[in-house]
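Enquirer: Chains as they are written, first to last, in the working numbering: chain A, 1 to 277; chain B, 278 to 554. One structure coming up, written as structure tokens, with questions to follow.
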């Protein structure tokens, strides 16, 4: 496994990699969710590149950029074990030199849900992804369904701007009790961590109702909301049942819907979702 | 010469073109300026692709998109004569399908000069260039110095977003009397056309002063302004002496400066510039 820190070296290296090649962009502090993306990439490609970069432009001014957990040594060991060929791990000055001032923005989709809660978040995500895609030039890039809106936004950007890669959305990986894996679990107290299982329980309730034929989106939202509200430590930020393409809130989910939710435990925002279909 | 209308076909074709290959994006209604770009591209590359696309998103609501002159048959004949290999000429629906909503924006540089006069212009330019660069994937793309700010903005975008091509700025091509070539000359009356030569005369006055050692930017602006003001048909929009990288207005031009100006004749805006160095 080669570890590369500069854009020039990464661009040089990728020309020598056997194609097709898969790319897994990460912010590090890896968990089994990230590693499952590497395994999907490994299965479908001749080469696999991963990146580790805590992207400052996708954090809001009052968010946890400085505190975001980092453990590069452990990350590299995990990537090596998963048979990654190249890890790109640039310093911030390499990605955002002085006077940097170009941005990629996706409209509409990014105004809802996470974009509504974090106004400049997706602009940071789409800009860094454009840069990484141009530097790495992968055949396919892999994103987790846990951040479903992110995957949708990136897919939209790739389609609108005619980028030459395919975006693959892979299933959410969960802890044994069902909690969706996240690097931010490190922030949770023991009590918060226990209460957090209610997110997945609520999602399962909605899935059950869906399989029984329930299509009233408001009822699905209510069932999820009331279940989570039983946990005194949980503060619901939103529960949404939206169109899987436009992310517009649905009244009635006919053929499919994205049920997504954000719940805060203290300062920690936890996301989860399921695609009802 | 092959003429291609769809993105899929263009992406397929470019894989068969011998590299390196040069790209000349145009809005059609070609003149000798465009053809000189094709000749530069021809000299430096194994293949040459040109595009013809009147890009709606770079026109403001009250601008001349509908009236912009078009003559595809003549354009194709000129490109063929200049030994273009492929012409990409997509319909608007191919480039901007329904629900299109992704944009590439360069900050700062685009707030000045043309960006100040035409607020959404450069967003349209950088977005269409990103799309075309992704579709055509050229080694180099060629732009005329007549639109110097445009070339600078695109260079900045390519650097910031790590795009895999080189931007080449080629010298302005002029009519025998010195007027910089432009597709918009078709809008000028005979009297306006004659008066328009004052732009180049004024630029030459400034160049002369510069070569004599004049570095006071305000004096250079004044000399240019007073010369053009002698033409009663000319309405000056701006005369600028700015830093060649940041486009900030200069007080004193030490080592170099971009002298640029926009003058209206009736509704027609004419641009010209020179790099003082």
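In this text, a Cβ means the ideal position worked out from N, Cα and C, and glycines have one as well. As the structure is a computational prediction, the values presented were derived from the model and not from experiment.
Can you check whether the CB of residue 88/A is closer than 9 angstroms to the CB of residue 48/A?
Expert: Cβ distance not < 9 angstroms, so residue 48/A and residue 88/A don't count as in contact.
Enquirer: Please return the same chain residues whose Cβ sits closer than 6 angstroms to the Cβ of residue 501/B, not counting the five positions on each side in sequence.
Expert: 479, 483 and 516.
Enquirer: Using the Cα positions of residue 464/B and residue 457/B, report the straight-line distance between them to the nearest angstrom.
Expert: The straight-line gap from Cα to Cα measures roughly 15 angstroms.
Enquirer: Taking Cβ positions, are residue 385/B and residue 99/A nearer each other than 9 angstroms?
Expert: A contact, by the Cβ cut-off of 9 angstroms.
Enquirer: Look at residue 441/B and residue 137/A and say whether their C-beta atoms are less than 9 angstroms apart.
Expert: Contact flag set, yes.
Enquirer: Quick one, which of 56/A, 61/A and 20/A has its alpha-carbon nearest residue 42/A's?
Expert: Of 56/A, 61/A and 20/A, the residue nearest in Cα terms is 20/A.
Enquirer: What does residue 88/A pair with, by DSSP beta-bridge criteria?
Expert: 4/A and 51/A, per the DSSP bridge assignment.
Enquirer: Can you tell me whether DSSP reads residue 449/B as helix, strand or coil?
Expert: Coil.
Enquirer: Excluding five sequence neighbours on each side, which residues of the same chain lie with their C-beta closer than 8 angstroms to the C-beta of residue 246/A?
Expert: Here the set comprises 108 and 109.
Enquirer: Contact criterion: CB-CB distance below 9 angstroms. Does residue 365/B meet it with respect to chain A?
Expert: So, not an interface residue.
Enquirer: What do you reckon, are the CB atoms on residue 330/B and residue 367/B nearer than 9 angstroms?
Expert: The answer is yes: Cβ separation under 9 angstroms.
Enquirer: Between the Cα of residue 396/B and the Cα atoms of 541/B, 336/B and 341/B, which residue gives the shortest distance?
Expert: Here the closest residue by C-alpha is 336/B.
Enquirer: Can you give me the start and stop residues for the beta strand (DSSP E) that residue 303/B sits inside?
Expert: Counting along the chain, the beta strand (DSSP E) containing residue 303/B begins and ends at 298–303.
Enquirer: Closest by CA to residue 509/B, which one among 533/B, 492/B and 475/B?
Expert: That would be 475/B, whose Cα lies nearest to the Cα of residue 509/B.
Enquirer: Assign residue 531/B to one of two classes, buried (16 or more other C-beta atoms within 10 Å of its C-beta) or exposed (fewer than that).
Expert: Under this definition residue 531/B is an exposed residue.
Enquirer: Jot down the residue ranges of each uninterrupted alpha helix (DSSP H) in the segment 178–259 of chain A, minimum 4 residues, whole runs only, in chain order.
Expert: Counting whole runs of 4 or more residues, the segment 178–259 of chain A contains the alpha helix (DSSP H) stretches 190–195, 197–211 and 217–229.
Enquirer: Return the CA-CA distance between residue 83/A and residue 438/B, expressed in angstroms with no decimal places.
Expert: So the alpha carbons of these two residues sit roughly 29 angstroms apart.
Enquirer: Got a sec, what are the start and stop residues for the alpha helix (DSSP H) residue 408/B sits in?
Expert: First-last of the alpha helix (DSSP H) with residue 408/B: 398–413.
Enquirer: Please state whether DSSP places residue 433/B in a helix, a strand or coil.
Expert: If DSSP states are grouped into helix, strand and coil, residue 433/B belongs with the helices.
Enquirer: Hey, is the segment 333–350 of chain B in contact with the segment 399–414 of chain B, meaning 3+ C-beta pairs nearer than 8 angstroms?
Expert: Counting Cβ pairs under 8 angstroms, three or more are found: they touch.
Enquirer: Which ranges would you report for the alpha helix (DSSP H) in the segment 334–393 of chain B if only whole runs of at least 4 residues count?
Expert: Counting only runs of 4 or more, we get 349–358 and 369–372.
Enquirer: Based on the DSSP secondary-structure assignment, which residues constitute the bridge partners of residue 272/A?
Expert: In the DSSP output, where bridge partners are listed per residue, residue 272/A has 261/A.
Enquirer: Verify the CB distance criterion: does residue 211/A have a CB-CB separation below 9 angstroms to chain B?
Expert: Output row for residue 211/A: interface = no.
Enquirer: Compute the Euclidean distance between the alpha carbons of residue 512/B and residue 466/B, then round it to the nearest angstrom.
Expert: Going by the C-alpha atoms only, they are around 15 angstroms apart.
Enquirer: Step through the CB atoms of chain A and report whether any lies within less than 9 angstroms of the CB of residue 392/B.
Expert: Taking Cβ atoms only, chain A never reaches closer than 9 angstroms to residue 392/B, which makes this a no.
Enquirer: Between residue 378/B and chain A, is any beta-carbon pair separated by less than 9 angstroms?
Expert: Interface residue, yes.
Enquirer: Are the beta-carbon atoms belonging to residue 445/B and residue 419/B less than 9 angstroms from one another?
Expert: Yes; because the gap between Cβ atoms is below 9 angstroms, this pair is in contact.
Enquirer: Helix, strand or coil: which one does DSSP assign to residue 421/B?
Expert: Residue state, collapsed to three classes: strand.
Enquirer: Would you kindly work out how many angstroms separate the C-alpha atoms of residue 558/B and residue 279/B, rounded to a whole number?
Expert: The structure shown has nothing for residue 558/B, since chain B only spans 278 to 554.
Enquirer: Would you tell me roughly how many angstroms separate the C-alpha atoms of residue 491/B and residue 371/B, rounded to the nearest one?
Expert: Roughly 51 angstroms between the two C-alpha positions.
Enquirer: Tell me whether the beta-carbon of residue 548/B lies closer than 9 angstroms to the beta-carbon of residue 537/B.
Expert: Yes, the Cβ-Cβ distance between residue 548/B and residue 537/B is below 9 angstroms.
Enquirer: Tell me which residues share the same chain as residue 507/B and place their Cβ nearer than 8 angstroms to its Cβ, disregarding the 5 neighbours each side in the sequence.
Expert: Cβ within range, chain order: 475.
Enquirer: Just by C-beta distance, which residues in the segment 158–171 of chain A are closer than 7 angstroms to chain B?
Expert: Hits within the stretch, in order: 160, 161, 162, 163 and 164.
Enquirer: Going by Cα to Cα distance, which pick from 392/B, 389/B, 424/B and 432/B is closest to residue 407/B?
Expert: If we check each option's Cα against that of residue 407/B, 432/B comes out closest.
Enquirer: Give the residues of chain A in contact with residue 385/B, contact being defined as C-beta atoms less than 9 angstroms apart.
Expert: Here the neighbours are 99 and 101.
Enquirer: Run through the DSSP bridge pairs and tell me what residue 444/B is partnered with.
Expert: According to DSSP, residue 444/B bridges with 418/B.
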